[in-house]
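For what it's worth, UniProt numbering labels the leading residue of the sequence shown as 1, then goes sequentially.
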Amino acid sequence: MEAAGKEEISVEDEAVDKNIFKDCNKIAFYRRQKQQLSRRSTYQASLDSATTGKDSTKFRIINETTKVPLLAEIYGIEGNIFRLKINEETPLKPRYEVPDVLTSKPSTVRLISCAGDADSLVLTDRKGDLKCHITANPFKIDLVSEEEVVMSINSLGQLYFEHLQIPLEQRATKENKEDTSADTSQEDQEDLGLWEEKFGKFVDIKVNGPSSIGLDFSLHGFEHLYGIPQHADSHQLKNTSDGDAYRLYNLDVYGYKIHDKMGLYGSVPYLLAHRLGRTLGIFWLNASETLVEINTEPAVKYTVTQMGPVVAKQKIRCRTDVHWMSESGIIDVFLLTGPTPSDVFKQYSYLTGTQAMPPLFSLGYHQCRWNYEDEQDVKAVDAGFDEHDIPYDVMWLDIEHTEGKRYFTWDKKRFPNPKGMQELLRSKNRKLVVISDPHIKIDPDYSVYVKAKEQGFFVKNHEGGDFEGVCWPGLSSYLDFTNPKVREWYSGLFTFSAYQGSTDILYIWNDMNEPSVFRGPELTMQKNAIHHGNWEHRELHNIYGFYQV
């Protein structure tokens, strides 16, 4: 997440340059899903072979067209939470599953089958207040609370799962070649971005091919939805139209447009639905680029149906449909059943942890701008607050306090005595915050760069060398915070012995960790950059900043 500073200097009439950032129609996996779903391909669950173990109930789902099986798992979790995971039954290689976001492995509640046959299966916990009603053909799940369906999954048939494939050139050289007559034409492949995707001058090479996923959720009786930050739009989520989905993709968007669904600095795939007497939550655990479509069908006071000689009136409740689409990974979604707002917050925090209590001083007034020139500038601003009797608690220093934008250093001419400056602030019970970005200036004389380089701690490009991109210091490499060893080493840089000139009133401002890459596609990192574990950046883009923190 960005803090106030150099990124926040735009004025109202400066619109974002949409040539730099994509809208939905320029996102290949969105076009593919919309095209395929218009053909109404359906999935069928094989419930006659469902198995219930200590932790979950498992069954196969088969696409009627491709016949390739998926494996579905439903978990009951303590505190009235259900978890649904859908993955390939036998993928060519493992698909990315988001680690580290859950604070621990959730405690499961054994689900029992209280009814079922080849066509349907009903699962419940021992209390029996909540039930999962699974329908085989077409595949659908209804979440039932006190005999009322509150949520349906795949009722619109928008389950979508692209299976990992052998690259076309490898397929063509296999001794026993597969029949490729049904392969998409070259022109369609380019338009749909199957193996490579073009945007402006950038080409995203996809060694694993298309791997996107999607699923719909219908919330019965709900028309007020909130969450899925961060967007410069209304608190209550709005209906979307084709090509205008909410985008969850962390981007450093200078001069962003308000009342717009484009992705901004942070992404949290957590959605709340609220109505009188009931609150639900959906937590979509996926760190790749994600799009969310929302459509509310208003309540109909009465609909008239002919039942033989009898004319019947029926009241139709409102319903909101939420369609989640992600570029890669697996479907891993937590259904937070409430029933109260407080219950939903408890359920979510049970999974991801509670927010740390902020230090008291952080709630006061902070003085921040780009940029204070030197120690004399800081002292003059500090004295000015005293002169005008304006209370403030914290002074912030941006990138210019460093030696040539090398983080963990001080400019020797402008800030020759950082500890003395901090002691001045301490004498007035004030604190100092300085910036630290994830890009590291490429400089063989900069100790942080040298040590990270020696230990292989930078993100790699798809050819195996260190990824290099331009940011504030110029040409830089980016620390791979997905590697636990990098996080351990990086945190050590903040110790008093390592961070020369720091004292116990010095605090840190993490910035530019979308990550921001000035000359990259959409001003961020190429999706085919490589992280720890040989995972592509596309799989984990939205948790890069999380890992820096």
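C-beta atoms are modelled at their ideal positions from N, C-alpha and C, and glycine is treated no differently.
Since we're looking at a predicted model, the values are computed, not measured.
Residue i: which of the options sits nearest, CA to CA?
i           : options               : result
residue 356 : 145, 54, 549 and 331  : 549
residue 459 : 417, 263 and 481      : 481
residue 287 : 350, 102 and 366      : 102
residue 279 : 267, 340, 299 and 261 : 340
residue 217 : 165, 141 and 260      : 141
residue 363 : 191, 347, 420 and 430 : 430
residue 534 : 125, 94, 49 and 83    : 94
residue 240 : 297, 157, 379 and 317 : 297
residue 331 : 97, 410, 384 and 343  : 97
residue 440 : 419, 47 and 404       : 404
residue 46  : 358, 215, 61 and 35   : 61
residue 91  : 58, 22 and 163        : 163
residue 169 : 209, 507, 151 and 150 : 209
residue 348 : 386, 270 and 116      : 270
residue 365 : 379, 384, 392 and 358 : 392
residue 444 : 438, 437 and 454      : 454
residue 490 : 517, 438, 410 and 522 : 438
residue 289 : 267, 272, 274 and 273 : 267
Suppose you measure from the CA of residue i to the CA of residue j; what does that come to, to the nearest Å?
i           : j           : result
residue 225 : residue 237 : 5 Å
residue 154 : residue 294 : 14 Å
residue 448 : residue 456 : 12 Å
residue 425 : residue 475 : 34 Å
residue 390 : residue 511 : 28 Å
residue 543 : residue 462 : 20 Å
residue 135 : residue 40  : 17 Å
residue 165 : residue 206 : 11 Å
residue 138 : residue 320 : 20 Å
residue 220 : residue 147 : 13 Å
residue 281 : residue 336 : 5 Å
residue 133 : residue 52  : 15 Å
residue 344 : residue 284 : 14 Å
residue 55  : residue 71  : 15 Å
residue 367 : residue 291 : 36 Å
residue 196 : residue 407 : 36 Å
residue 627 : residue 143 : Outside the shown range of the chain, which is 1 to 549, sits residue 627, and nothing can be said about it.
residue 248 : residue 26  : 15 Å
residue 471 : residue 520 : 10 Å
residue 359 : residue 467 : 36 Å
residue 506 : residue 446 : 22 Å
residue 43  : residue 63  : 4 Å
residue 150 : residue 126 : 20 Å
If you count every other CB in all the chains shown that lies within 10 Å of the CB of residue i, and 16 or more means buried, which is it?
i           : result
residue 496 : exposed
residue 201 : exposed
residue 539 : buried
residue 531 : buried
residue 83  : buried
residue 80  : buried
residue 276 : exposed
residue 504 : exposed
residue 342 : exposed
residue 386 : exposed
residue 373 : exposed
residue 541 : buried
residue 423 : exposed
residue 86  : buried
residue 333 : buried
Apart from the five residues just before and just after residue i, which ones in its own chain have a Cβ nearer than 7 Å to its Cβ?
i           : result
residue 264 : 230, 231, 232, 251, 253 and 256
residue 514 : 250, 251, 252, 265, 524 and 545
residue 244 : 24 and 261
residue 65  : 41
residue 203 : 196
residue 299 : 316, 317 and 318
Just to check my reading of the structure: residue i and residue j have Cβ atoms closer than 8 Å, yes? What is that Cβ distance to the nearest angstrom?
i           : j           : result
residue 120 : residue 130 : About 17 Å; that fails the 8 Å criterion.
residue 31  : residue 192 : 6 Å
residue 361 : residue 394 : 6 Å
residue 111 : residue 74  : 7 Å
residue 500 : residue 323 : No, residue 500 and residue 323 are not in contact; Cβ-Cβ is about 52 Å, not under 8 Å.
residue 89  : residue 212 : Not confirmed; about 18 Å, so no contact.
residue 479 : residue 498 : Incorrect: roughly 15 Å between the Cβ atoms, too far for contact.
residue 351 : residue 106 : 6 Å
So, is the C-beta of residue i closer than 7 Å to a C-beta in chain B?
i           : result
residue 259 : The chain labelled as chain B is not found in the depicted structure, where only one protein chain is given.
Looking only at its own chain, which residues have a Cβ that is under 6 Å from the Cβ of residue i, when we skip the five neighbours before and after it?
i           : result
residue 223 : 296, 318 and 320
residue 537 : 525, 527 and 529
residue 483 : 532
residue 18  : none
Apart from the five residues on each side of it in sequence, which residues of its chain come closer than 8 Å, Cβ to Cβ, to residue i?
i           : result
residue 547 : 100, 481, 482 and 487
residue 160 : 33, 36, 37, 212, 213, 214, 215 and 325
residue 128 : 114
residue 421 : 375, 378, 379, 415 and 432
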